[in-house]
Amino acid sequence: MPNTSRTPHVAVVGAGIGGLAVAITLLRKGVAFDVYEQAPELTEMGVGMHLGPNGTRVLRRWGLEPLLRPAAVRPETLEVRGQDGQLFVHRLMGDVWEQEYGAPHLTVLRSELHAVLGAQVPRDRLHLGARLVSFDAGGDSVQLRFADGRAAGADLLVGADGVHSVVRRAVAGEENPVFSGASALRGVIDAEQVPGLAPDSMYMWVGPDARLLCVPVEAGRRFTYVAVLPDRCPSEESWSETGERQALTLAFADWHDDVQAIVRAADTPGRWALYDREPLTRWGHGRSTLLGDAAHPMLPHHGQGAGQAVEDAVALAHFLDGTPEGLRRYEDFRRPHVTRVQLGSRDGGSLRVKPTDGTADGGLDQLVEDVSWIHRYDVEAALERAAADV
Ligand code: FAD
931 MPNTSRTPHV
941 AVVGAGIGGL
951 AVAITLLRKG
961 VAFDVYEQAP
971 ELTEMGVGMH
981 LGPNGTRVLR
991 RWGLEPLLRP
1001 AAVRPETLEV
1011 RGQDGQLFVH
1021 RLMGDVWEQE
1031 YGAPHLTVLR
1041 SELHAVLGAQ
1051 VPRDRLHLGA
1061 RLVSFDAGGD
1071 SVQLRFADGR
1081 AAGADLLVGA
1091 DGVHSVVRRA
1101 VAGEENPVFS
1111 GASALRGVID
1121 AEQVPGLAPD
1131 SMYMWVGPDA
1141 RLLCVPVEAG
1151 RRFTYVAVLP
1161 DRCPSEESWS
1171 ETGERQALTL
1181 AFADWHDDVQ
1191 AIVRAADTPG
1201 RWALYDREPL
1211 TRWGHGRSTL
1221 LGDAAHPMLP
1231 HHGQGAGQAV
1241 EDAVALAHFL
1251 DGTPEGLRRY
1261 EDFRRPHVTR
1271 VQLGSRDGGS
1281 LRVKPTDGTA
1291 DGGLDQLVED
1301 VSWIHRYDVE
1311 AALERAAADV
């Protein structure tokens, strides 16, 4: 029998940052749910990431900011430099950004953010080692089947199962992600190994082909670096490939001393081949919908993977009423905004320094302005405006 009440039972597939954020919003709304995660443990790789004001605003309302702040950094400045160290952009962040955007910009290890979110979700709602292999969401209820033979039912299905989403495949069919021509080499280094860098600042060095971003994490005790380099032999699309340290050494051989110090401090980096996909025109089918990277995988250049997933979760809970129509309203609300972020992230990858005279192209000056509309966005205020317009 279909559940026609307004308190549906929701199956969330994936316990990444998106899936956990959904679990938190459902808990707050008093909606019953189960989260199914393929990994046997709720642990995460510890590479640093950004959480812009649009995301921290939500975590603050959930009361989670005090839990996150001890492990995070609120950078005080952003510096963008050329490969020889020439300063192109210097921006005060800290209080200035917090006042401008109404919430802080934080840099944090992905594992720390994941742990803070995971601690909010009751353990008996989390089913680990549950890899979804197929589902049916076309009728009056949802049937899920898992790799170990388990089966489960629900009224609605939320696919928060990341970039290789099984749920997405059922909506969008097989896709051919396009390799962007670049890979990111990433890792974490101790701050004391790079004495030229202030532990409360974010840095980017930009050259004609490569760029290096370095942001503080773990209360400034460490930095996470991400080098975006041209790559002619892309590996598969994965977060867990291993890169070669020598690629870093070669790419940044004649760059500024601070860059050299980062490269010297780096261990074997992780390698993340940057694939791009066209935004989907449809996120759902029947009683299923998508959220986070499953709905809108994006290149990392705007640092918005986590922030957009958190915003999705707020919007999903707002529209959730147990019907497929409620899911479509969530999708219609989110898709235009996130598509703009996705396409902006793609454009953000083209920032370069002119190889001929070493000067910055116009894009560098635009760096902060390009993302300010994303940081200013308040998903709850936007939902209120949308409700008032109906
Ligand atoms: P994800 O974080 O990918 O989570 C998806 C979850 O679904 C995972 O836990 C996965 O195990 C689970 N899952 C997948 N398939 C199934 C299935 N069939 N059945 C059950 N469970 C399934 N972004 C950055 O900007 N910088 C980074 O350095 C960075 N590093 C990352 C490292 C890793 C290991 C991962 C997984 C993601 C990383 N991201 C990074 C992406 C960033 O975390 C996401 O953009 C953002 O958090 C939104 O995540 P999500 O929850 O939608 O997807």
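Following the numbering used here from start to finish, the sequence shown increments by one per residue and tops out at 1320.
Glycine included, each C-beta is placed from N, C-alpha and C at the ideal position.
Between residue i and residue j, what straight-line distance do the alpha-carbon atoms span, to the nearest angstrom?
i	j	result
Val1189	Glu1261	42 angstroms
Ala1090	Ala1224	6 angstroms
Arg1282	Gly1137	With a pLDDT of only 49 at Arg1282, under 50, the local geometry of the prediction cannot be trusted, and the value read off the model is given with reservation. In a straight line, the C-alpha of Arg1282 is about 6 angstroms away from that of Gly1137.
Arg1217	Val942	12 angstroms
Arg999	Asp1070	43 angstroms
Lys1284	Leu1127	Legend: pLDDT at Lys1284 = 47, less than 50; position of this residue unreliable, value from coordinates given subsequently. Spanning the two alpha carbons is a distance of roughly 25 angstroms.
Gln1073	Glu967	16 angstroms
Glu1028	Phe1065	43 angstroms
Ala1112	Leu1159	5 angstroms
Ala1311	Leu1056	31 angstroms
Arg1075	Gly1083	9 angstroms
Ser1041	Thr973	7 angstroms
Gly944	Gly1092	7 angstroms
Arg1079	Arg1099	The residue asked about is misnamed: residue 1079 is Gly in this sequence, not Arg. Distance between the alpha carbons of Gly1079 and Arg1099: 20 angstroms.
Cys1163	Arg1175	16 angstroms
Glu1104	Pro1125	48 angstroms
Glu1122	Gly1173	24 angstroms
Pro1052	Ala1318	35 angstroms
His1267	Gln1234	12 angstroms
Thr1269	Arg1011	30 angstroms
Ala1327	Ala1077	Here the chain has residues from 931 to 1320 only, and residue 1327 is not among them.
Leu1313	Leu1043	25 angstroms
Leu983	Leu1017	Note that residue 983 corresponds to Pro in the displayed sequence, not to Leu. Pro983 and Leu1017: Cα-Cα distance of roughly 25 angstroms.
Val1271	Cys1144	22 angstroms
Can you give me the Cβ contacts of residue i inside the same chain, cut-off strictly under 8 angstroms, excluding the 5 residues immediately before and after it?
i	result
Val937	One point to set straight first is that residue 937 is Thr, not Val, in the sequence displayed. Gly960, Val961, Ala962, Gly1252.
Thr1286	Confidence at Thr1286 is low in this model, with a pLDDT of 42, below 50, so the placement of that residue is unreliable and no value is reported for it.
Glu1171	Ser1165, Gly1200, Arg1201, Trp1202, Ala1203
Gly1117	Val977, Thr1154, Tyr1155, Ala1196, Asp1197, Thr1198, Pro1199, Gly1200
Arg958	Trp992, Ala1247
Leu997	Val1046, Ala1049
Leu1273	Pro1209
Asp1085	Pro932, Asn933, Pro938, His939, Val940, Ser1071, Val1072, Arg1217, Gly1252
Asp1187	Gly1015, Gly1126
Pop quiz: residue i and residue j are said to be a contact at Cβ under 8 angstroms. What is the actual Cβ separation, rounded to whole angstroms?
i	j	result
Ala1140	Ala1183	That pair is no contact at about 11 angstroms.
Val1038	Ala1002	4 angstroms
Val1156	Ala1114	5 angstroms
Leu956	Ala1247	6 angstroms
Arg1258	Gly1214	6 angstroms
Gly946	Val965	Not really, about 10 angstroms apart at Cβ, beyond 8 angstroms.
Leu1220	Val1097	6 angstroms
Gly985	Gly1237	3 angstroms
Ala951	Ala1316	The pair is not a contact, with the Cβ atoms about 20 angstroms apart (cut-off 8 angstroms).
Met1134	Leu1142	7 angstroms
Less than 7 angstroms between C-beta atoms, sequence neighbours within five positions excluded: which residues of the same chain meet that for residue i?
i	result
Glu1148	Ala1001, Leu1039
Asp1264	Checking the sequence shown, residue 1264 turns out to be Arg, not Asp. Result list for Arg1264: Asp1242, Ala1245, in chain order.
Ser1110	Leu1204, Tyr1205, Asp1206, Leu1229, Gly1279
Pro1254	Gly1216, Arg1217
Met1023	Pro1005, Glu1006, Thr1007, Leu1008, His1035
Pro970	Leu1058, Gly1059
Ile1119	Arg1152, Phe1153, Tyr1155, Ile1192, Ala1195, Ala1196
Arg1212	Val1101
Asp1130	Val1003, Pro1005, Glu1006, Pro1146, Gly1150
Asp1025	none
Pro1227	Val1093, Arg1207
Kindly list the residues whose CB is nearer than 6 angstroms to the CB of residue i, restricted to its own chain and excluding five residues on each side of it in sequence; keep chain order.
i	result
Gln1050	Ile954
Trp1185	Gln1013
Gly1256	Phe1249, Leu1250
Leu896	Given a span of 931 to 1320 for the chain in the structure shown, any question on residue 896 remains unanswerable.
His1020	Glu1009
Glu1299	none
Val1301	His1232
When you measure from the CB of residue i to every non-hydrogen atom of the ligand ADP, does any distance come out below 8 angstroms?
i	result
Trp992	The model depicted lacks the ligand ADP and carries the ligand FAD instead.
Cβ pair count under 8 angstroms reaching 3, the segment 1027-1036 against the segment 1303-1317: The segment 1027-1036 makes contact with the segment 1303-1317; the number of CB pairs closer than 8 angstroms reaches 3 or more.
Are the segment 968-982 and the segment 1099-1113 in contact at 8 angstroms, needing three or more beta carbon pairs? The segment 968-982 vs the segment 1099-1113: no contact.
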